[in-house]
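Asker: Position one of the sequence shown corresponds to residue 1 (UniProt numbering), numbered consecutively onward.
Even glycine gets a Cβ: it sits at the ideal position worked out from N, Cα and C.
Note that the structure is a prediction, hence the values are computed from the model and not measured.
Quick one: structure below, then a few questions.
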Amino acid sequence: MQGEIYDLCIVGAGMYGSAAARHASTHSTAKVCLIGPNEPRADEWKTREILSSHYDEGRIVHIPYANPVMQVLARHTIKRFREIEKLSGIPFYSPVGTIVTVERGTSYFYHLLQEFEMHNINYVDLSEGEILKQRFPCLKLDYRDYPLFDDDRAGYVRARAMVAALKKVAHSQGCHIVDDIVEEVKKFKDGAHEIITEKGRVLKAKKVLFCTGAFTEFKKFDPLKKLKIQVNKETAAMLRISEDEKDRIRALVLENWSLGHSKKSGSGNVRRNKGMVQKRRRPRSVR
1 MQGEIYDLCI VGAGMYGSAA ARHASTHSTA KVCLIGPNEP RADEWKTREI
51 LSSHYDEGRI VHIPYANPVM QVLARHTIKR FREIEKLSGI PFYSPVGTIV
101 TVERGTSYFY HLLQEFEMHN INYVDLSEGE ILKQRFPCLK LDYRDYPLFD
151 DDRAGYVRAR AMVAALKKVA HSQGCHIVDD IVEEVKKFKD GAHEIITEKG
201 RVLKAKKVLF CTGAFTEFKK FDPLKKLKIQ VNKETAAMLR ISEDEKDRIR
251 ALVLENWSLG HSKKSGSGNV RRNKGMVQKR RRPRSVR
């Protein structure tokens, strides 16, 4: 759409960018554009410079957070999932619940129970008798671990499908979606920013929203000047399992990740998707 000036151009079509496009395009009078590359094909992985973080099938969602602001945001976000699925026709949300295990008798244990009660989180105590074994026979826990089942809309979303759903809804609301990589965004001049893409497109927008994550410093974004961004490496292990094993653990374990340690204290936090299993330990000092 050469010559057209958008009210808003969103650079980066990942989880943040696609969500922003859906929100912005609800204003029928606003001209919105979303620019970002689709997921690379198998033959593009070695040459693609810009990637996104949503090329996977599992992201845990739940309401309990230490930060009260995050709790409010999570609660309202989860409420919108079914609406987006209905509007797009793309399913991505599975409210299968979350198993939270915490070390018995610790201050964190009592804090967690208090957190659940304070925020009216529905949960099931799995520590009594054979409840855990009957419901999750694949799961073996240490005797110190106290299992609670968060059944209050917790579960997981398929990140790849969620982005597709958000983009589809945004497009239906009038958002112009461009499968391209932005090489340069120029400073505001003559009423608009000029946006130049890898394929030679030139677009103009009154406002630009950058949803470029770790790749923000890779391109020439003049309006941002110099940001203090530290990019860290992360190794992902892709496991291939049999169909029988997939069926056996379908409702239990798919993803396993942990949080690192801070300078003064650390906590191991293992979350396993599609079950879900979250393992939280009491913070310990790091020497």
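1. Taking the alpha helix (DSSP H) that isoleucine 84 belongs to, which residues open and close that run?
2. Let me check understanding here. Comparing Cα to Cα, which of Leu8, Glu44, Gln71 lies closest to threonine 29?
3. Can you tell me the Cα-Cα spacing of phenylalanine 154 and proline 37, whole angstroms?
4. In chain order, which alpha helix (DSSP H) runs of at least 4 residues are fully inside the region 90-143?
5. Give the secondary structure of alanine 161 by DSSP, where H, G and I count as helix, E and B as strand, and everything else as coil.
6. Would you kindly work out how many angstroms separate the C-alpha atoms of arginine 80 and leucine 113, rounded to a whole number?
7. Taking Cβ positions, are glutamine 173 and threonine 77 nearer each other than 8 Å?
8. Quick one: is cysteine 33 buried, meaning 16 or more other Cβ sit within 10 Å of its Cβ, or exposed?
9. Can you name, in chain order, every residue of its own chain whose Cβ lies under 6 Å from the Cβ of leucine 203, other than the five neighbours on each side?
10. Relative to the alpha-carbon of cysteine 138, which residue among Ile249, Gly58, Trp45 has its alpha-carbon at the smallest distance?
11. Given that a residue counts as buried once 16 or more other Cβ atoms are within 10 Å of its Cβ, and exposed if not, what is glutamate 128?
12. If you count every other CB in all the chains shown that lies within 10 Å of the CB of aspartate 244, and 16 or more means buried, which is it?
13. According to the neighbour-count rule (16 or more other Cβ atoms, all chains shown, within 10 Å of its Cβ), is tyrosine 110 buried or exposed?
Answerer: So, from the listed chains and residues:
1. Judged by DSSP secondary structure, isoleucine 84 falls within the alpha helix (DSSP H) whose first and last residues are 68-88.
2. Nearest Cα to threonine 29 within the set Leu8, Glu44, Gln71: Leu8.
3. A quick correction: the sequence has alanine, not phenylalanine, at residue 154. For alanine 154 and proline 37, the gap between their C-alpha atoms comes out near 31 Å.
4. Counting only unbroken stretches of 4 or more residues, the alpha helix (DSSP H) elements lying wholly within the region 90-143 are 107-118, 131-135, in sequence order.
5. Shown here, alanine 161 sits in a helix according to DSSP, grouped into three states.
6. Distance from the CA of arginine 80 to the CA of leucine 113, rounded to the nearest whole angstrom, comes to 27 Å.
7. Between glutamine 173 and threonine 77, the CB-CB gap reaches or exceeds 8 Å.
8. So cysteine 33 ends up on the buried side.
9. Here leucine 203 has Ile195 as same chain residues with Cβ atoms under 6 Å from its own Cβ, once five neighbours each way along the sequence are excluded.
10. The shortest C-alpha separation from cysteine 138 is found at Ile249.
11. Classification of glutamate 128: exposed, given that the 10 Å Cβ count is below 16.
12. Looking at its Cβ environment, which holds fewer than 16 other Cβ atoms inside 10 Å, aspartate 244 is exposed.
13. Only exposed fits tyrosine 110, as fewer than 16 other CB atoms lie within 10 angstroms of its CB.
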